[in-house]
Amino acid sequence: MRKRKFSVIDIIIVVVVLATALSALIFINAMGNDGNKVEIIVNGVVFSTVNLKTDEKKEIEIKDSKGKVTNILVLENDTAYVEWATCKNQDCVHHNRISKVGESIVCLPNNVEINIIENTGVEDAAW
Amino acid sequence: MRLGNFSVKRLTVCALLVSLCFVFSFIERLIPISLSPFGFKLGLANIVIVFALYKCQIFDTLIVLIAKILISGICFGGPVYLFYSLLGGVFSFLIMLVLKNKLHIVTVSIFGAIFFNIGQVLCACIIMSWNIVYYLPIMVIAGVFTGFIIGILTDIAESRIKI
Numbered sequence: 078m079r080k081r082k083f084s085v086i087d088i089i090i091v092v093v094v095l096a097t098a099l100s101a102l103i104f105i106n107a108m109g110n111d112g113n114k115v116e117i118i119v120n121g122v123v124f125s126t127v128n129l130k131t132d133e134k135k136e137i138e139i140k141d142s143k144g145k146v147t148n149i150l151v152l153e154n155d156t157a158y159v160e161w162a163t164c165k166n167q168d169c170v171h172h173n174r175i176s177k178v179g180e181s182i183v184c185l186p187n188n189v190e191i192n193i194i195e196n197t198g199v200e201d202a203a204w
Numbered sequence: 199m200r201l202g203n204f205s206v207k208r209l210t211v212c213a214l215l216v217s218l219c220f221v222f223s224f225i226e227r228l229i230p231i232s233l234s235p236f237g238f239k240l241g242l243a244n245i246v247i248v249f250a251l252y253k254c255q256i257f258d259t260l261i262v263l264i265a266k267i268l269i270s271g272i273c274f275g276g277p278v279y280l281f282y283s284l285l286g287g288v289f290s291f292l293i294m295l296v297l298k299n300k301l302h303i304v305t306v307s308i309f310g311a312i313f314f315n316i317g318q319v320l321c322a323c324i325i326m327s328w329n330i331v332y333y334l335p336i337m338v339i340a341g342v343f344t345g346f347i348i349g350i351l352t353d354i355a356e357s358r359i360k361i
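What follows is the structure, encoded as structure tokens:
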């Protein structure tokens, strides 16, 4: 039947899991170098790739396949964030600003994914 | 009276637990906290699942779990969330089943929460892209905290409520 006492093994297992996750988190943050491109993916297809670094605040409208605007992405001070979204939960709007390679903002209801990537030398036109 | 090999008591307990899940999901919706793209939540309804795991038969728990996922998926999340929580739910159920008698109820709950999040991330990775794997550490940490709170609440409920 169920264990009545909270034992040392329980504590050790939880601490090990927590430590692993924390170090992975720190590792990811430390490894991340500033990206210079923002890749916007809608329904698994690259919607557009834009430069992260802009001189002034820039707003990008993200549209779904029917052309309806679902999210508004803002580029400012070398970071990107979502300012407005049609979805109910508004998780992407509350998400922190992103600037490092590998960081992303995801809007599940609209199936929109915004990734920071490094310039691969491939021009926008090639996409 | 017997319904196949499903006694009236078993049926009633299952129904009661499912309706409790619904109430908890609804209460939780009133206090929105978001920290991640998956809408990081406490998952109050999981108290019912962990409780059922210890008090009911495996089959009954599975029924309550699936009912909970369908209800919260349809009423509060939307069809996309259904897939995410379905995989997460199955993951957490399996790990909790394995650890049930080996570890304390709070630890079992923590692992349930962690694997629910892992399942969700995995599902998101499959549906969208592998970039989402970067969310795994933060989701695991979130799972430890939510699982801990849920575990303590379930511990209290489990030791006081008799079925």
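As given, the protein sequences belong to chains A and B, one line each in that order.
Note that my numbering has the first sequence beginning at 78, numbered continuously upward.
Note that my numbering has the second sequence beginning at 199, numbered continuously upward.
The beta carbon of each residue, even a glycine, is placed where N, CA and C say it ideally should be.
- For C273 (chain B), the number of other beta carbons within 10 angstroms of its own is below 16, and it is reported as exposed.
- For K298 (chain B), same chain residues with a beta-carbon under 7 Å away, outside a window of 5 residues either side, are L251, V306 in chain order.
- Under the three-state reduction of DSSP output, I359 (chain B) falls in the coil class, being neither helix nor strand.
- Rounded to the nearest whole angstrom, the C-alpha separation of F220 (chain B) and S270 (chain B) is 7 Å.
- Residue pairing by DSSP places C184 (chain A) opposite A:V189 in a beta bridge.
- At a beta-carbon threshold of 8 Å, the residues of chain B lying near L102 (chain A) are P335, I336, I339, ordered along the chain.
- A direct Cα-Cα distance of roughly 17 Å separates K114 (chain A) from I149 (chain A).
- Taking one beta carbon from each stretch, the stretch 304-324 of chain B and the stretch 83-90 of chain A have 3 or more pairs nearer than 8 Å; the two touch.
- For the 8 Å CB-CB criterion, A243 (chain B) and F257 (chain B) do not form a contact.
- With a 10 Å radius around the Cβ and a threshold of 16 neighbouring Cβ atoms, L152 (chain A) comes out buried.
- In the three-state scheme derived from DSSP, where H, G and I count as helix and E and B as strand, V296 (chain B) is classed as helix.
- Following the DSSP letters along the chain, one finds S125 (chain A) inside the beta strand (DSSP E) bounded by residues 122-128.
- Close partners of N329 (chain B) in chain A (Cβ separation under 8 Å): G179, S181, E190, N192.
- For I149 (chain A), the enclosing beta strand (DSSP E) has its first and last residue at 146-153.
- With a threshold of 8 Å between beta carbons, I90 (chain A) makes contact with chain B.
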